[in-house]
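In our numbering, the protein residues as written are 550 to 982.
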């Protein structure tokens with residue numbers, strides 16, 4: 550699941566760009582940056598689809614004309630490489646947009662990022678499970694910058710009702726639903742396996758449900774041997790069990806997410822369910838608004854009876870983050886921006902209006918008062934995250950970048966049953982060594 554989520558944003562057309570920006574989706578763009586300039590002051594880099602985030606910079610600059618932020622906006626595909634080069638040349642910005650997880654930790658370990666205290670940036674206002682992705686050795690190295698994006702189970706109410714299926718709350722119920730939906734002549738679960746990263750979502754949840762959040766935490770900490778833990782093998786057994794049962798139909802490997810194919814299978818009634826991030830809601834609203842109003846349902850990923858994981862734990866993309874360059878010459882100004890302008894009250898309202906929930910505590914009254922047709926959705930996402938004891942960052946973001954390709958390759962091989970369940974862990978242990 551690359552780029553949070555550079556692959557995914559390509560389905561969100563220009564008229565929905567505000568919604569896309571709210572989810573932290575990285576839209577296509579030119580390789581060069583666009584720039585909001587100032588004669589002096591500090592610099593900040595972000596992605597070129599961050600419309601609402603840009604508004605926070607504009608507000609800061611209006612209040613601080615003598616020390617403005619120069620904001621440079623980049624296309625997602627180029628951003629990570631440009632940031633690495635800039636840090637290597639000691640030319641990185643004062644504030645930089647990032648994904649948290651392993652990539653941010655690499656900069657932290659290299660001494661490139663300053664820790665932020667609760668007093669400096671009011672970190673206690675943010676959702677605790679989200680902050681885990683920017684916390685290393687007990688210190689916080691980033692402030693959330695945009696909306697929450699957990700992975701959930703979407704379903705077509707009409708299709709499930711026709712097959713006599715209730716939204717599954719457990720893996721056993723999911724397997725029963727697969728059989729009934731197959732019998733009713735529809736694909737039980739829409740999966741864009743051609744894109745590979747959607748398959749990874751299943752493994753992320755199945756490992757969490759099987760072994761609990763600690764199972765992947767060991768891997769993310771750099772313990773390559775943890776890939777060979779029996780819970781990793783078990784998660785692959787569950788994935789292969791779904792595939793063998795026909796959960797994904799016969800042509801999942803030809804379904805590409807970039808083309809909107811898996812999304813269309815759900816809203817056209819050719820599939821009953823889809824596991825996908827919350828950005829899918831924006832895509833569905835754009836592509837099939839009537840379906841969203843009448844037949845779209847959503848629940849948390851099913852629990853696993855007998856598993857060590859907490860059924861309330863979630864996986865996905867907690868948020869993007871803004872971090873402070875340790876070499877910045879404008880640290881006081883940068884901290885003032887992070888504390889007073891990022892996800893302030895006006896930013897919160899803008900995200901909610903765009904159909905996205907920011908990772909901020911205490912939004913119950915705002916959600917209760919909203920008149921938006923998205924109220925049910927917003928409340929669902931907010932409650933899901935607030936009640937989650939763990940919010941696991943997508944594996945391909947949590948791990949060092951050199952492990953992303955072997956991770957996606959082996960997830961695909963496991964789904965296709967080209968490797969045995971235990972081979973997935975063995976292959977990844979080798980890749981992580």
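From the three backbone atoms N, C-alpha and C, an ideal C-beta is built for every residue, glycine too. Just so you know, these numbers come straight off a predicted model, no measurement behind them.
Cβ-based burial, residue i [other Cβ within 10 Å; buried from 16]
i, result
"residue 966", "exposed"
"residue 694", "buried"
"residue 959", "buried"
"residue 804", "buried"
"residue 778", "buried"
"residue 941", "buried"
"residue 974", "buried"
"residue 710", "exposed"
"residue 685", "buried"
"residue 607", "exposed"
"residue 668", "exposed"
"residue 610", "buried"
Beta-carbon proximity check, residue i vs residue j, cutoff 8 Å
i, j, result
"residue 943", "residue 878", "no"
"residue 735", "residue 820", "yes"
"residue 696", "residue 848", "no"
"residue 797", "residue 724", "no"
"residue 674", "residue 910", "yes"
"residue 651", "residue 875", "no"
"residue 719", "residue 854", "yes"
"residue 887", "residue 670", "yes"
"residue 963", "residue 740", "no"
"residue 773", "residue 982", "yes"
"residue 846", "residue 716", "yes"
"residue 806", "residue 840", "no"
"residue 934", "residue 678", "yes"
"residue 649", "residue 698", "no"
"residue 901", "residue 692", "no"
Backbone secondary structure at residue i - three-state DSSP
i, result
"residue 676", "coil"
"residue 739", "strand"
"residue 648", "coil"
"residue 592", "strand"
"residue 689", "strand"
"residue 580", "Summary for residue 580: the model assigns pLDDT 40, below 50, so the residue's position carries little reliability; its value from the coordinates is reported in the next sentence. It is coil, neither helix nor strand."
"residue 853", "coil"
"residue 920", "coil"
"residue 618", "strand"
"residue 929", "helix"
"residue 699", "strand"
"residue 940", "strand"
Contacting residues, own chain, Cβ-Cβ under 6 Å from residue i (five flanking each side not counted)
i, result
"residue 605", "890, 891 and 896"
"residue 592", "619, 642 and 643"
"residue 578", "Summary for residue 578: the model assigns pLDDT 34, below 50, so the residue's position carries little reliability; its value from the coordinates is reported in the next sentence. These residues qualify, in order along the chain: 597 and 624."
"residue 850", "702 and 754"
Chain-order list of residues whose beta-carbon lies under 7 Å from that of residue i (same chain, five-residue window excluded)
i, result
"residue 707", "818 and 844"
"residue 978", "773, 774, 776 and 777"
"residue 731", "737 and 795"
Terminal residues of the alpha helix (DSSP H) in which residue i lies
i, result
"residue 722", "720-732"
"residue 863", "It is not in any alpha helix (DSSP H) - residue 863 instead sits in the beta strand (DSSP E) that spans 863-866."
"residue 748", "746-760"
"residue 959", "953-964"
Close beta carbons around residue i, own chain, < 8 Å, minus the five adjacent residues each side
i, result
"residue 632", "594, 641, 645 and 647"
"residue 968", "959, 962 and 976"
Any non-hydrogen atom of the ligand NAD closer than 7 Å to residue i Cβ
i, result
"residue 922", "In terms of ligand content, the structure shown is empty, and the ligand NAD therefore cannot be addressed."
First through last residue of the beta strand (DSSP E) which encompasses residue i
i, result
"residue 681", "Run containing residue 681: none; DSSP gives neither H nor E here."
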